[in-house]
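A.B. asks:
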Amino acid sequence: MSLAGKNIVLGLTGGIACYKAAELARGLVKAGASCQVVMTEAARHFITPVTLQALSGKPVFTDQWDSRISNNMAHIDLSRHADALLIAPCSADFMRKLVHGAADDLLSTLCLARPANVPLLVAPAMNVEMWDNPATQRNAVQLKKDGITLLGPAAGDQACGETGLGRMLEPEQLLESLSAFFQPKLLAGKKVLITAGPTFEPIDPVRGITNLSSGKMGYAIARAAWAAGAEVTLVSGPTSLQAPLGVKVLPVTTALEMHDAVMTNVAGQQVFIAVAAVADWRVSDVSTQKIKKQDGQLPSLTFEQNPDILAEVAAMASPPYCVGFAAESENLLEHGAAKREKKRIPLLVGNIGHQTFGKDDNELVLFDAKGHKNLPRASKEILAGKLIEEIARRL
Ligand code: C5P
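In this text, residue positions in the sequence shown follow the working numbering: the first is 4, and each later residue adds one.
1) According to the Cβ coordinates, are A277 and L313 closer than 9 Å?
2) Can you find the residues in the same chain that come closer than 6 Å, C-beta to C-beta, to T242, ignoring five residues on each side of it along the sequence?
3) Just how far apart, CA to CA, sit F64 and R99?
4) Once the 5 residues before and after L15 are set aside, which same chain residues still bring their CB inside 6 Å of it?
5) Flag this pair as yes or no: are the beta carbons of L178 and M171 separated by less than 9 Å?
6) Starting from M42, trace the beta strand (DSSP E) in both directions and tell me its first and last residue.
7) Taking M261 and V238 to be in contact with their CB atoms under 8 Å, please state how far apart those CB atoms are, rounded to whole angstroms.
8) Could you round the C-beta distance between V40 and L6 to whole angstroms and report it? I think they count as a contact, below 8 Å.
9) Ligand 1: which residues have Cβ under 5 Å from any of its heavy atoms, chain order?
10) Measuring straight from C-alpha to C-alpha, what distance separates A191 and H48?
11) Run through DSSP, which three-state label would P187 get?
12) What separation, rounded to the nearest whole angstrom, lies between the Cα atoms of I19 and N130?
13) Taking buried to mean at least 16 other C-beta atoms within 10 Å of its own C-beta, is K293 buried or exposed?
14) Distance, Cα to Cα, V274 vs K193?
15) Measure the CB-CB distance between G60 and V32 and report whether it falls below 9 Å.
16) Apply the 10 Å Cβ neighbour rule to S73 and answer buried if 16 or more other Cβ atoms are within range, or exposed otherwise.
17) Do you know how far the Cα of D160 is from the Cα of A128?
18) Can you tell me the Cα-Cα spacing of I206 and G299, whole angstroms?
19) For the alpha helix (DSSP H) containing L386, name the first residue and the last one.
20) Under the assumption that V368 contacts G339 (Cβ atoms under 8 Å), give the Cβ distance between them as a whole number of angstroms.
21) Quick check: the Cα distance between L398 and L81, rounded to an integer number of angstroms?
22) So, with DSSP's three-state summary, where would you put K373?
23) Check whether the Cβ atoms of Q186 and G232 lie closer than 9 Å to each other.
24) By DSSP's criteria, T152 is part of a beta bridge. Which residues make up the other side?
25) According to DSSP, is I348 helix, strand or coil?
26) Should A138 go down as buried or exposed, given a rule of 16 or more other Cβ atoms within 10 Å for buried?
27) Below 6 Å CB to CB, which residues in the same chain sit around V102 once its five sequence neighbours on both sides are set aside?
28) Would you give the residue range spanned by the alpha helix (DSSP H) that A46 belongs to?
29) Along the chain, which unbroken stretches of the beta strand (DSSP E) at least 3 residues long are found entirely within the stretch 192 to 267?
30) Have a look at L113, T54 and V195 and flag the residue whose alpha-carbon is nearest the alpha-carbon of I79.
31) Tell me whether P323 is buried or exposed, calling it buried when 16 or more other Cβ atoms sit within 10 Å of its Cβ.
32) Are the C-beta of T305 and some C-beta of chain D separated by less than 9 Å?
33) In the DSSP assignment, find the alpha helix (DSSP H) that holds L115 and state where it starts and stops.
34) Can you list, in chain order, the residues of its chain with a C-beta nearer than 6 Å to that of I348? Leave out the 5 residues immediately preceding and following it.
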């Protein structure tokens with residue numbers, strides 16, 4: 004997913020969330036996008052154009068009568084080369100203006116005068132009562148009817164001290180939403196179930212066994228599937244990662260819990276991607292109390308086999324399209340092809356364990372009935388996007 008090369012007009016309206024728009028502008032530039040900031044008068048009460056100019060690297064426009072554009076038509080010119088207009092934060096009053104086609108300042112005129120093929124996205128930010136007010140709700144419905152994309156708002160603590168819906172999405176989430184907006188919707192209307200992370204099998208209340216897995220690859224695939232328009236459910240073992248935006252996350256600890264969560268949710272899914280590093284065995288007699296260390300004595304543990312979740316889903320009467328992962332330490336080509344056949348799945352993704360665990364990049368080999376194909380080393384984000392394309396092509 005990338006915003007590189009995109010021309011984004013970032014509009015700021017009045018609200019305390021303007022301070023977050025500074026980071027958003029910085030994030031856009033960092034992602035390789037061009038960021039043209041336009042501010043309303045109310046926005047300038049919260050943050051100065053100087054800050055936004057320094058962060059975006061471009062002069063900021065605030066006034067309809069600004070003469071810096073040669074034809075003196077900033078309200079027309081600024082949108083003509085834009086890939087999208089993003090209003091963040093978008094106040095309740097600015098939502099009202101958009102609904103009514105107002106053109107009484109530069110930003111509203113710019114929105115009204117944008118070409119039909121330039122999308123408008125808004126990130127509402129306001130007090131919970133303002134958001135809940137029927138007038139704002141009516142405006143939100145109308146904006147959607149008009150083809151405007153609403154990003155958020157989120158629920159939580161508000162600057163005014165109240166709690167509820169109305170918080171602007173975080174800059175990271177806005178960047179991710181914007182980038183997802185530009186992705187082709189290859190999985191529109193599809194439901195995708197993903198497992199990710201390790202499982203943890205307890206020995207006693209303070210000890211356990213687990214597998215090496217950060218969950219980064221599985222979470223990146225969940226984000227890519229969501230960006231491709233899928234409805235995504237992510238069954239996740241213990242990780243330190245943030246829940247991906249728009250994805251339903253079901254946290255689990257043990258392989259048995261992961262198995263149950265998958266089996267409860269698998270009906271109606273079109274794709275199942277098993278990325279989790281599931282522990283093959285669990286301790287059969289988990290101690291309810293901490294096993295005390297005694298000099299010269301070693302505890303003996305007995306194990307039993309965990310269910311193979313992927314193989315069980317693949318063996319269903321009409322299974323979803325199943326994708327498995329294999330982390331090998333050697334002979335990837337041989338083991339990968341054999342594992343695909345053994346699990347009876349159409350697609351298996353192989354990688355070398357020590358080259359991927361905990362890292363931000365990876366290289367993959369895809370095994371299907373026709374043979375294998377390499378996806379060369381790249382970030383897990385990029386590989387996840389490519390894998391989703393490969394899956395979509397095969398559905
Ligand atoms: O057999 P192996 O563990 O090497 O297979 C790896 C693949 O099978 C991965 O896709 C993993 O998520 C899945 N798997 C599973 N349940 C298990 C073990 C592995 O779903 N108990």
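The beta carbon of each residue, even a glycine, is placed where N, CA and C say it ideally should be.
Fair warning: this is a prediction, and the values are worked out from it, not measured in the lab.
C.D. replies: Answer, in terms of the structure:
1) In contact: A277 and L313 (Cβ atoms closer than 9 Å).
2) Cβ within range, chain order: G200 and G218.
3) When rounded, the distance between both Cα atoms is 22 Å.
4) Apart from the 5 residues on each side of it in sequence, L15 sits with its Cβ closer than 6 Å to the Cβ of C21, A24, M42 and A46 in its chain, given in chain order.
5) Taking the C-beta atoms as reference points, M171 is found no nearer than 9 Å to L178.
6) M42 -> beta strand (DSSP E) spans S37 to M42.
7) Between M261 and V238 a beta carbon distance of about 6 Å is seen, short of the 8 Å cut, so the two are scored as contacting.
8) With a Cβ gap of about 16 Å, V40 and L6 do not count as contacting.
9) Residue selection by CB proximity (closer than 5 Å to any heavy atom of ligand 1) returns A277, A279, V281, N309, D311, I312, L313, G327 and F328 in chain order.
10) Near 41 Å, if we compare the C-alpha coordinates of H48 and A191.
11) Coil.
12) Linking I19 to N130 through their CA atoms gives a straight-line distance of about 10 Å.
13) Around the beta carbon of K293, fewer than 16 other beta carbons sit within 10 angstroms, so the residue counts as exposed.
14) Whole-angstrom Cα-Cα distance: 8 Å.
15) Closer than 9 Å, so yes.
16) Exposed, because fewer than 16 other Cβ atoms sit within 10 Å of the Cβ of S73.
17) Answer to the nearest angstrom: the Cα atoms are 12 Å apart.
18) Separation of I206 and G299 (C-alpha to C-alpha, rounded to the nearest whole angstrom) is 20 Å.
19) Per DSSP, L386 belongs to the alpha helix (DSSP H) from K383 to R397.
20) About 6 Å separates the two Cβ atoms, so the contact holds.
21) One C-alpha to the other measures close to 41 Å.
22) Correct three-state label for K373: coil.
23) Contact flag set, yes.
24) The partner list for T152 (beta bridge, DSSP) reads L124.
25) Collapsing the DSSP output to three states places I348 in coil.
26) The Cβ neighbour count for A138, taken over all protein chains shown within 10 Å, is under 16; the residue is labelled exposed.
27) Excluding positions up to five away in sequence, the list reads N142 and Q145.
28) First-last for A46: undefined, no H or E at that position.
29) Along the length of the stretch 192 to 267, whole beta strand (DSSP E) runs at least 3 residues long occupy 194 to 199, 203 to 207, 210 to 213, 234 to 239 and 251 to 254, reported in chain order.
30) Checked all of L113, T54 and V195; the closest Cα to I79 is L113.
31) Burial of P323 is indicated by the presence of at least 16 other C-beta atoms within 10 angstroms of its C-beta.
32) Among the chains in the structure shown there is no chain D, since it carries only a single protein chain.
33) Secondary structure note for L115: its alpha helix (DSSP H) is the uninterrupted segment L109 to L115.
34) Exclusion of the five residues before and after I348 leaves A317, C325 and G327 as the residues of its chain whose Cβ lies within less than 6 Å of its Cβ.
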